[in-house]
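Every position in the sequence shown, counted from 1, becomes a number in my numbering once 17 is added. Following: one structure in structure tokens, then a few remarks.
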Amino acid sequence: MTPEVIKKSWKKAPVELFNAGLALFIGLYIMSIYPDNTVVFIVTLAYTLLVAALAFYIVVFLRLYSHITITVKGIQVDNKAFYAWENIESYFVKEDVHSYNSADIGPVTAIRSTLIIMLKNEQVLRISLDQLSKTPVQIIALFDKTRSTHAA
């Protein structure tokens, strides 16, 4: 069975790109207003380059690497920590629902999903499932399928 890789979702990338573009536009606009003032031009140029670098890092680089890798041997989180199926006691998804009333759009409900993995050495691993390429239900199904394959 091939490893299943779950990455950050690209759903919010257009909004992030728009925000970065707006910040870049502000920098370029200030540069065009004060082309003769060298200090303002250099500071604004540094600001613009910093915003461009941060935007590239946030929008592209953070989404290239896997967030959760599920294999027959276990799971790996953020390409760092590996947890073998033998060490995993249980796992479930906890959903926190927050409701509030916005003056602009009325009642708003926000749902945050967290994967909680209970290890046999009494450690608890919490992984945020927001902005991932798969839904929490799909992730739990993959866990169940892969763990049953490992047990067989």
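Even glycine gets a Cβ: it sits at the ideal position worked out from N, Cα and C.
Q) residue 70 and residue 37: beta carbons closer than 7 Å? A) As a first step, residue 70 is located in the sequence shown; it is residue number 53 there, counting from the start. As a first step, residue 37 is located in the sequence shown; it is residue number 20 there, counting from the start. No, these two residues do not count as a Cβ contact at 7 Å.
(Q) With three or more beta-carbon pairs closer than 8 Å as the criterion, would you say the region 44-57 touches the region 103-119? (A) no
Q | The beta strand (DSSP E) enclosing residue 100, as first and last residue numbers | A | For this step, residue 100 is matched to residue 83 along the sequence shown. Looking at the DSSP string, the run of the beta strand (DSSP E) that includes residue 100 is 98-101.
Q. In terms of alpha-carbon separation, which member of 116, 145 and 137 lies closest to residue 127?
A. In the sequence shown, residue 127 corresponds to position 110, counting from 1. The candidate whose alpha carbon is nearest that of residue 127 is 116.
Q | Option nearest residue 34 by Cα separation, candidates 160, 77, 154 and 142 | A | For this step, residue 34 is matched to residue 17 along the sequence shown. For the residues 160, 77, 154 and 142, the minimum Cα distance to residue 34 belongs to 77.
(Q) Considering only the alpha carbon of each residue, which of 165, 84, 39 and 105 lies closest to residue 145? (A) On the sequence shown, position 128 is the one that residue 145 refers to. Taking only the C-alpha atoms, the option nearest residue 145 is 84.
Q.
Tell me the residue span of the beta strand (DSSP E) that contains residue 136.
A. Position 119 of the sequence shown, counted from the start, is the residue given in the question as residue 136. First-last of the beta strand (DSSP E) with residue 136: 123-136.
Q: For residue 177, I'd like the list of residues in its chain whose CB is within less than 6 Å of its CB, leaving aside the five on either flank, ordered along the chain.
A: Outside the modelled stretch of the chain, which goes from 18 to 169, sits residue 177, for which no answer is possible.
Q) Using 8 Å as the threshold, is the region 119-134 in touch with the region 147-162, meaning 3 or more CB pairs across them? A) yes
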